[in-house]
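Below is one structure; the comments refer to it alone.
There are 2 protein chains.
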Amino acid sequence: MSSVSPDPPRKPYTMTIDELDARLIALLSAEPRLGVLECSRRLGVARGTVQARLDRLAARGVITGFGPDISTEALGYDVTAFVMMEIRQIAGHDPVADRLALIPEVLEVHTITGGSDLLCRVVARTNADLQRVIDGIVDVQGVLRTSSIIALDTPVPYRVLPLVADVPRRAPREP
Amino acid sequence: MSSVSPDPPRKPYTMTIDELDARLIALLSAEPRLGVLECSRRLGVARGTVQARLDRLAARGVITGFGPDISTEALGYDVTAFVMMEIRQIAGHDPVADRLALIPEVLEVHTITGGSDLLCRVVARTNADLQRVIDGIVDVQGVLRTSSIIALDTPVPYRVLPLVADVPRRAPREP
DNA sequence: ACTCACACTGGACATATTGTCCACTCATTC
DNA sequence: GAATGAGTGGACAATATGTCCAGTGTGAGT
Chain A
2 MSSVSPDPPR KPYTMTIDEL DARLIALLSA EPRLGVLECS RRLGVARGTV QARLDRLAAR
62 GVITGFGPDI STEALGYDVT AFVMMEIRQI AGHDPVADRL ALIPEVLEVH TITGGSDLLC
122 RVVARTNADL QRVIDGIVDV QGVLRTSSII ALDTPVPYRV LPLVADVPRR APREP
Chain B
2 MSSVSPDPPR KPYTMTIDEL DARLIALLSA EPRLGVLECS RRLGVARGTV QARLDRLAAR
62 GVITGFGPDI STEALGYDVT AFVMMEIRQI AGHDPVADRL ALIPEVLEVH TITGGSDLLC
122 RVVARTNADL QRVIDGIVDV QGVLRTSSII ALDTPVPYRV LPLVADVPRR APREP
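Here you go:
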């Protein structure tokens, strides 16, 4: 590889996808209701190939599902915030995360490095409603302190396509 | 539920979904490759109903797509981090976000309240690779300072289903 | 050089699903 | 009491699916 910039290290058994995989994923992202047959036509390969690729991508865990993407805003939840919190440290599996999972407005939870212990993404109907959600979080057993960051705007919404398109470039062939 | 806590305020024109919508979304989330016909059978309604519901949910923007869900980990990107940054404030639309959008490893960008200006989620192959990604971010014109938080674990991965299931309960009927 | 394993092709088939009509019912609104 | 909107249940042709198959090309290993 004649890459000038240092190439990222890669685990030997890291899974990669090739260019056809990437094109298939991109195609399905653009028009998700497409059937296997249509995909094969658009990609210029046989139907069986598309079928096999999809099966393999799913089997390898690259494609984890085709769930409908839901707009929380369309549901009336216009406020997104990130809540960082310190928790009472407990050995073993984290019971705090389990309790947070019971709150519908908590969309995701991460354990993190740095001054705080957990970072979670929450949504609320309004800023005032956010207070209610945060109250619910503070009420969780083991939560000591929280600090919130409100997302005012989302210039780049969640996306993976550029990454997907990039992978085959970075790993054209296993040498 | 005879909720004691005060009910969240709601915009008058806020879109809500009913229980059938919620069941449909939950069903499709669980088994996304299901066809309209299968859905109608499972939900015990006519096929036309499911078709109409799906069309309406899409038209109202509740369902924005059915894109394949990609596991960045399966692609070899095992590290997720949140990068907060201060930027040089510029009037008008934010050129920094546009430049960040060019970096494939940047999965989403928010403008935020608090000490920092932007929060973005990034992935990298390893911790060492994360340094490369962050370097790329710092190189972006207008970025003054960054601070990173690494996600060690994700006890609650992104999900909307509990919220979706909750909406019809909170707004059974427009009064 | 030979063979094996594997992916892809292009075709076949019966079955299932889709898109699109229709007429009818029921509840709500005006 | 009519009009509106949503749901039902049925129909139809067109299309896609799941699943076979034999044949081809390529790389790996011997």
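Same order as they appear, the protein sequences are chains A and B. According to the numbering used here, the first sequence is numbered sequentially starting from 2. According to the numbering used here, the second sequence is numbered sequentially starting from 2. Every residue gets a Cβ at the ideal spot worked out from N, C-alpha and C, and that includes glycine. None of the values given here were measured: they were computed from a predicted structure.
Below 8 Å on C-beta distance, what does B/E109 contact in chain A? The sequence position of residue 109 of chain B within the second sequence is 108, counting from 1. Against B/E109, the close residues of chain A are T155, V157, P158, Y159, R160, in the order they occur along the chain (beta-carbon pairs closer than 8 Å).
Mind pulling the chain A residues with CB within less than 8 Å of B/A105? If you number the second sequence from 1, residue 105 of chain B lands on position 104. The residue you asked about is not Ala; residue 105 of chain B is Pro in the sequence shown. Going along chain A in sequence order, the residues near B/P105 (Cβ under 8 Å) are P163, L164, A166, D167.
Give the interface partners of B/S30 over in chain A, defined as CB-CB distance under 9 Å, in chain order. Along the second sequence, read from residue 1 onward, the residue named residue 30 of chain B stands at position 29. Result: G66, G68, P69, I71.
Using a C-beta cutoff of 9 Å, does A/V124 count as contacting chain B? The residue labelled residue 124 of chain A in the question sits at position 123 within the first sequence. By this cut-off, A/V124 is an interface position.
Below-9 Å beta-carbon distance, B/S41 vs any chain A residue: One-based indexing of the second sequence puts residue 41 of chain B at position 40. It does not: the Cβ of B/S41 has no partner Cβ on chain A nearer than 9 Å.
Excluding the 5 residues preceding and the 5 following A/G137 in the sequence, name in chain order all residues of the same chain whose CB lies nearer than 8 Å to its CB. Mapped onto the first sequence, residue 137 of chain A falls at position 136. So the list reads I104, E106, once near-sequence residues are dropped.
Residue environment, A/I135, which counts as buried when at least 16 other CB atoms sit within 10 Å: By one-based count along the first sequence, residue 135 of chain A stands at place 134. So A/I135 ends up on the buried side.
I need the DSSP call for A/P7, collapsed to helix, strand or coil. As a working note, residue 7 of chain A is residue 6 in the first sequence. Unreliable placement is indicated for A/P7, whose pLDDT of 47 sits below 50; no coordinate value is reported for it.
Which residues in chain A have a C-beta closer than 7 Å to the C-beta of B/I150? List them in chain order. Your numbering for residue 150 of chain B matches position 149 in the second sequence. Those within 7 Å of B/I150 in chain A are I113, T114, G115, L120.
Just the chain A side, please: which residues come within less than 8 Å of B/T17 by C-beta, in chain order? Translated into positions along the second sequence, residue 17 of chain B becomes position 16. Near B/T17 (Cβ distances below 8 Å), the residues of chain A are L76, G77.
Look up B/S41 in the DSSP assignment and say whether it is helix, strand or coil. For the purposes of this step, residue 41 of chain B is taken as the residue at position 40 of the second sequence. Correct three-state label for B/S41: helix.
Under 9 Å, do A/T112 and B/T127 count as touching if we go by C-beta distance? For the purposes of this step, residue 112 of chain A is taken as residue 111 along the first sequence, with counting starting at 1. For the purposes of this step, residue 127 of chain B is taken as residue 126 along the second sequence, with counting starting at 1. With respect to B/T127, A/T112 sits apart: the two C-beta atoms are not nearer than 9 Å.
Cutoff 8 Å; reference A/Y78; Cβ partners in own chain excluding five residues on either side: Position 77 of the first sequence, counting from 1, holds the residue named residue 78 of chain A. Closer than 8 Å at the Cβ level, and outside the excluded window around A/Y78, lie E106, V124, A125, R126.
Leaving out five residues on either side along the sequence, give the residues of the same chain with a beta carbon under 6 Å from the beta carbon of A/D177. Outside the modelled stretch of chain A, which goes from 2 to 176, sits residue 177 of chain A, for which no answer is possible.
Whole angstroms is fine: what's the gap from A/E32's alpha carbon to A/V51's? Walking along the first sequence from the start, residue 32 of chain A turns up at place 31. Walking along the first sequence from the start, residue 51 of chain A turns up at place 50. The straight-line gap separating the alpha-carbon atoms of A/E32 and A/V51 is approximately 15 Å.
If we cut at 9 Å on Cβ distances, does A/D99 have a partner in chain B? Reading the first sequence from its first residue, position 98 is the one you call residue 99 of chain A. It does: the Cβ of A/D99 has a partner Cβ on chain B nearer than 9 Å.
If you follow the alpha helix (DSSP H) that A/S30 is part of, which residue opens it and which one closes it? The count along the first sequence starts at 1 and reaches residue 30 of chain A at position 29. In the DSSP annotation of this structure, the continuous segment of the alpha helix (DSSP H) that includes A/S30 starts and ends at 20-31.
Check the C-beta distance from B/D34 over to A/F67 and give it rounded, since I have them as a contact under 8 Å. For the purposes of this step, residue 34 of chain B is identified with residue 33 of the second sequence, where counting begins at 1. For the purposes of this step, residue 67 of chain A is identified with residue 66 of the first sequence, where counting begins at 1. It should be noted that the sequence gives Arg, not Asp, for residue 34 of chain B. Taking a contact as a CB-CB distance under 8 Å, the pair B/R34 and A/F67 counts as one, their CB atoms being some 6 Å apart.
Would you mind telling me which residues of chain A sit closer than 9 Å to B/P96, beta carbon to beta carbon, in chain order? By one-based count along the second sequence, residue 96 of chain B stands at place 95. Those within 9 Å of B/P96 in chain A number zero; the least Cβ separation is about 10 Å.
Starting from the beta carbon of B/G62, find every residue of chain A whose beta carbon is closer than 7 Å, and list them in chain order. As a first step, residue 62 of chain B must be located in the second sequence, where it is residue number 61. Here the neighbours are S72, A75.
Compute the distance between the beta-carbons of B/T73 and B/L108, then report whether it is under 9 Å. One-based indexing of the second sequence puts residue 73 of chain B at position 72. One-based indexing of the second sequence puts residue 108 of chain B at position 107. Result yes, Cβ atoms of B/T73 and B/L108 sit closer than 9 Å.
Which residue's Cα is closest to the Cα of A/I150: B/M85, B/V46, B/A60? Translated into positions along the first sequence, residue 150 of chain A becomes position 149. Of B/M85, B/V46, B/A60, the residue nearest in Cα terms is B/M85.
Measuring only between beta-carbons, confirm whether B/I88 sits less than 9 Å from chain A. Counting from one through the second sequence, the residue named residue 88 of chain B turns up at place 87. Not one chain A Cβ lies under 9 Å of B/I88.
Is the beta carbon of B/I88 closer than 9 Å to that of B/L120? The residue labelled residue 120 of chain B in the question sits at position 119 within the second sequence. The residue labelled residue 88 of chain B in the question sits at position 87 within the second sequence. Cβ distance not < 9 Å, so B/L120 and B/I88 don't count as in contact.
How would you list, in chain order, the residues of chain B whose beta-carbon sits under 7 Å from the beta-carbon of A/I26? Here residue 26 of chain A is taken as the residue at index 25 of the first sequence, counted from 1. Near A/I26 (Cβ distances below 7 Å), the residues of chain B are P69, I71.
CB of B/G62 within 9 Å of CB of A/A75, strictly: Within the second sequence, numbered from 1, the residue matching residue 62 of chain B stands at position 61. Within the first sequence, numbered from 1, the residue matching residue 75 of chain A stands at position 74. Taking a C-beta distance under 9 Å as the contact criterion, B/G62 and A/A75 qualify as a contact pair.
Taking C-beta pairs closer than 7 Å, name the residues in chain B that A/A102 reaches, listed in chain order. Residue numbering aside, residue 102 of chain A sits at position 101 when the first sequence is read from its first letter. Under the 7 Å cutoff, chain B gives V157.
Only counting the same chain, and skipping five residues up and downstream in sequence, which positions put a Cβ closer than 8 Å to that of B/L101? Within the second sequence, residue 101 of chain B is the residue found at index 100, counting from 1. V107, V110, L119, C121, I138, V141.
Closer than 8 Å by beta-carbon distance: list the chain A residues that pair up with B/R34, in chain order. Locating residue 34 of chain B in the second sequence gives position 33, where the first residue counts as 1. Residues of chain A passing the Cβ test: F67.
I need the straight-line Cα distance from B/L21 to B/A60, nearest angstrom please. As a working note, residue 21 of chain B is residue 20 in the second sequence. As a working note, residue 60 of chain B is residue 59 in the second sequence. B/L21 and B/A60: Cα-Cα distance of roughly 17 Å.
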